[in-house]
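J.: My numbering applies: residue -15 is where the sequence shown begins, and numbers increase by one.
Just so it is clear, CB atoms sit at the ideal spot from N, CA and C, and this is done for glycine as well.
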Amino acid sequence: ISCVNCPSHSLSLEGSKSVSNCTCNIGYFLVQIMEGSSTTAACLCDAGFFPSTDGLSCVPCSQGFYKRDVGLAACSECQPGSFSSTSGATSC
């Protein structure tokens, strides 16, 4: 059996035999992405979180910022007249 790499931002224990044994770093979670006829695993940041500068964890959006979707995108600033008073907001 040949080894298969875990997705970026994840690790598995020695001797693991499946990508499903990969554990995402703190703040990331494992998702399965359909690409044509094959499925790929990826570790992505939850809504309200963005990757840290070093890529080792997901960081909550600051007050006044939000992120609606799962992924590796940055947080967006709230529009004038709206505000998120908590960190990790998914809307303003």
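Which partner residues of L14 appear in the DSSP bridge assignment?
T.: Translated into positions along the sequence shown, residue 14 becomes position 30. Bridge partners of L14: C27.
J.: What distance in whole Å lies between the Cβ atoms of S21 and C6, which are believed to be in contact at a cut-off of 8 Å?
T.: Here residue 6 refers to the residue found at position 22 when the sequence shown is read from its first residue. Here residue 21 refers to the residue found at position 37 when the sequence shown is read from its first residue. About 22 Å separates the two Cβ atoms, so there is no contact after all.
J.: In this structure, how does DSSP classify S2 when only helix, strand and coil are distinguished?
T.: Position 18 of the sequence shown, counted from the first residue, corresponds to residue 2. It is coil, neither helix nor strand.
J.: Tell me whether T7 sits in a helix, a strand or coil according to DSSP, three-state version.
T.: On the sequence shown, residue 7 is found 23 positions in, with the first residue counted as 1. Here T7 sits in strand by DSSP.
J.: Residues in its own chain within less than 8 Å of G39 by CB, not counting five upstream and five downstream?
T.: Here residue 39 refers to the residue found at position 55 when the sequence shown is read from its first residue. So the list reads S(-8), H(-7), once near-sequence residues are dropped.
J.: If we call anything under 9 Å between Cβ atoms a contact, is F34 one with C27?
T.: On the sequence shown, position 50 is the one that residue 34 refers to. On the sequence shown, position 43 is the one that residue 27 refers to. Cβ distance not < 9 Å, so F34 and C27 don't count as in contact.
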